[in-house]
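Trainee: I'd like to ask some things about the structure below.
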Amino acid sequence: MTGQEIKNLLFLLGEEPLEALTARAYAQKCELLGKRVALRGLIEFSNFCRKNCFYCGIRRDNANVKRYRMTEDEIVAAASWSADRGYGSVVLQSGEVPSEENARFVARVVSRIHEKYGDALGITLSLGEQSEETFRLWRNAGAHRYLLRIESSNPELYARIHPCDHSWQARRDCLRMLKRLGYIVGTGVMVGLPGQTLEDLANDIVFFADEDVDMIGMGPFIEDPGTPMFNPALDDATRTAARRTKFDLTLRMIAAVRLTLKDVNIAAATALQAIDPDGREKGVLAGANVIMPNVTPRAYCAAYRLYPNKPCVHEHAEACRGCLESRLKAIGEEIAWGGRGDPLHFGKGKA
Ligand code: SAM
Ligand code: SF4
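Residue numbers for the sequence shown follow the working numbering, beginning at 926 and rising by one.
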């Protein structure tokens, strides 16, 4: 992007009135993608993780987390539940586990789902950084999309929110590897990290454009008490006000991405709903076109807690489905039932 375009981005992120900005972005979304939202059934199949990201509630050193991994049959059943109810796509997500045993486990699960539904059901993975061999194994098993947030495009900010053995370059290289292997690639950032500037956020959008990714997921950073980034000194009122600021800033980021990158898929992240019960709908009205309802069995859902106030942990996935449908209807949006909902951007290459 040119210097002028980056200045324009900074204006969108900081100065244009929020309502006017989101209205423009929503009009862009409707023009390009219609008044339709694609759903992905999110299966959080394991909370084991080798990493220790300073912000994440399921980080390795959080001893209060009850660790679990769903069985192959349970994961396939959750994917089938989603497919049978018209979700055109599922996302398998977990902590980062580098073992060969885990690579083979995931490959078996993906093959079983793919054999059952073929190309009628999209299979997206979000399992952290892995070796090229593992990414290839999963691709050959039938996975076709991969989500790996860069968390921040600023390597210095990244270094401040991770232990020193976590590498920004390694993460960026994984994104490039995934693209070479033919995955539809998604990335994203957390919004409202301590020390993050508007310039960092503008550069995040430049990063998305430079890496030519097809899907973007951005959510507000929410402090979790089980992590080093939790600030116990904040009183409730200050914490609530800070969350609201991050929420609005995330809507600004969604709108700015829709207006600049246009035909990418943008997810309205669950973290928006953790701050505001209407968070996902507000994300759609700011330009997002994807929602990932949680279809993880409720016995596991609460143990996959990245931050406090995780939505829908007590409701059955069936109830969530009905609730989401009526909520979207109320804002004049319909659900794009069936169909994988691949991003329009995919395969076009960089302009
Ligand atoms: N382990 C994989 C990885 O890191 O890519 C996938 C699962 S990880 C839990 C998914 C995303 O959750 C991360 O990329 C991060 O952006 C987000 N996340 C973790 N902790 C968070 C927090 N406290 N607030 C907001 N988002 C958070
Ligand atoms: Fe593990 Fe992902 Fe959480 Fe980092 S963000 S601790 S890699 S689950």
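The beta-carbon is built from N, C-alpha and C at its ideal position, and this holds for glycine as well.
Within the present structure, is the beta-carbon of D1160 separated from the nearest heavy atom of ligand 1 by less than 7 angstroms?
Mentor: The beta carbon of D1160 sits no closer than 7 angstroms to any heavy atom of ligand 1.
Trainee: Locate the alpha helix (DSSP H) running through L1017, then write down its first and last residues.
Mentor: Taken as a continuous stretch (DSSP letters only), L1017 belongs to no alpha helix (DSSP H), being part of the beta strand (DSSP E) at 1014 to 1019.
Trainee: In chain order, what residues of the same chain lie with their CB nearer than 8 angstroms to the CB of G1212, ignoring the 5 residues before and after it?
Mentor: T947, A950, Y951, Q953, K954, I1179, A1180, V1182, R1183, L1184, I1191
Trainee: Tell me whether Y1299, by its Cβ, gets closer than 7 angstroms to a heavy atom of ligand 1.
Mentor: Outside the displayed span of the chain (926 to 1276) sits residue 1299, for which this structure offers no information.
Trainee: Helix, strand or coil: how does DSSP classify S1036 here?
Mentor: Taken through DSSP and simplified to helix, strand or coil, S1036 comes out as helix.
Trainee: Using a 10 Å radius around the Cβ and a threshold of 16 neighbouring Cβ atoms, would you call L943 buried or exposed?
Mentor: exposed
Trainee: Going along the chain, which residues put their C-beta within less than 7 angstroms of some heavy atom in ligand 2?
Mentor: C974, K976, N977, C978, C981, I983, R984, R985, G1020, E1021, G1053, L1231
Trainee: Leaving out five residues before and five after G1144 in sequence, what residues of the same chain have Cβ atoms less than 8 angstroms from its Cβ?
Mentor: G1113, M1115, V1116, T1175, A1194, T1195, A1196, L1197.
Trainee: Rounded to the nearest angstrom, what separates L938 and E930 at their Cα positions?
Mentor: 12 angstroms
Trainee: Quick one, are the C-beta atoms of F1155 and L1118 less than 8 angstroms apart?
Mentor: Contact flag unset, no.
Trainee: Cα separation between K976 and R1074?
Mentor: Between K976 and R1074, the alpha-carbon positions lie close to 14 angstroms from each other.
Trainee: Could you tell me which residues DSSP pairs with N1190 in its beta bridges?
Mentor: M1140
Trainee: Check whether the region 976 to 990 and the region 1203 to 1218 touch, using three or more Cβ-Cβ pairs below 8 angstroms as the test.
Mentor: In short, these stretches do not touch, since the Cβ pair count stays below three.
Trainee: Relative to the C-alpha of M926, which residue among P1150, F1132, K1207, L1269 is closest?
Mentor: It is F1132 whose Cα lies nearest to the Cα of M926.
Trainee: What does a CB cutoff of less than 6 angstroms around A1004 pick up in its chain, not counting 5 residues either side in sequence?
Mentor: V1015, I1038
Trainee: List the whole-angstrom C-beta distance separating R1168 from L1106, where the pair is believed to meet the contact cut-off of C-beta under 8 angstroms.
Mentor: Actually they are not in contact, since the Cβ atoms of R1168 and L1106 sit about 37 angstroms apart, beyond 8 angstroms.
Trainee: Does any CB atom of chain C fall closer than 8 angstroms to the CB of R1246?
Mentor: Of the protein chains in the structure, only one exists, and it is not chain C.
Trainee: Does the beta-carbon of S1051, which I'm using as the reference point, lie nearer than 7 angstroms to any heavy atom of ligand 1?
Mentor: yes
Trainee: Would G1111 and L1082 be called neighbours here (beta carbons separated by less than 8 angstroms)?
Mentor: no
Trainee: If contact is defined by three or more beta carbon pairs under 8 angstroms, each pair taking one atom from either stretch, is the region 996 to 1013 in contact with the region 1249 to 1257?
Mentor: no
Trainee: Measure the Cβ-Cβ separation of H1087 and F979 and say whether it is below 8 angstroms.
Mentor: yes
Trainee: From the DSSP output, in three-state form, read off L943 for me.
Mentor: helix
Trainee: Who are the near neighbours of G1278 in its chain, counting only those whose CB is closer than 6 angstroms to its CB and skipping five residues on each side?
Mentor: Residue 1278 cannot be examined here, being either before or after the span of the chain that is shown, 926 to 1276.
Trainee: Pair every Cβ in the region 1017 to 1028 with every Cβ in the region 1052 to 1059, then say whether three or more of these pairs are closer than 8 angstroms.
Mentor: yes
Trainee: Grouping DSSP H, G and I as helix and E and B as strand, with all else coil, what is S1251?
Mentor: helix
Trainee: Could you have a look at A1276 and say whether DSSP puts it in helix, strand or coil?
Mentor: Because A1276 sits at a pLDDT of 44, beneath the cut-off of 50, its placement in the model cannot be relied upon, and the following sentence gives the value as read from the coordinates. It is coil, neither helix nor strand.
Trainee: Once DSSP output is grouped into helix, strand and coil, what is the label at N1219?
Mentor: Strand, per DSSP.
Trainee: Within the same chain, show all residues whose beta-carbon is closer than 7 angstroms to that of A1228, passing over the 5 residues directly before and after it, in chain order.
Mentor: N972, V990, K991, Y993
Trainee: Could you name the residues that DSSP lists as bridge partners for R961?
Mentor: E1259
Trainee: Could you tell me the distance, in whole angstroms, from the CA atom of V1189 to the CA atom of D1161?
Mentor: If you take the alpha carbons of V1189 and D1161, they lie about 37 angstroms apart.
Trainee: Are E997 and V1034 touching if we call contact CB-CB under 8 angstroms?
Mentor: Taking 8 angstroms as the Cβ cut-off, E997 and V1034 qualify as a contacting pair.
Trainee: Taking the alpha carbon of N933 as the reference point, which residue from D1149, I1130, K960, C974 has its own alpha carbon closest?
Mentor: I1130
Trainee: How about N1214 and L958: are their beta carbons less than 8 angstroms apart?
Mentor: For the 8 angstroms CB-CB criterion, N1214 and L958 form a contact.
Trainee: G1204 bridges to which residues according to DSSP?
Mentor: Note: G1204 sits in no beta bridge, so no partner.
Trainee: Pick helix, strand or coil for F970, following the three-state DSSP scheme.
Mentor: F970: strand per DSSP, three-state reduction.
Trainee: Below 8 angstroms on the Cβ atoms is my guess for D1267 versus I1109; work out the distance and round it to an integer in Å.
Mentor: 6 angstroms
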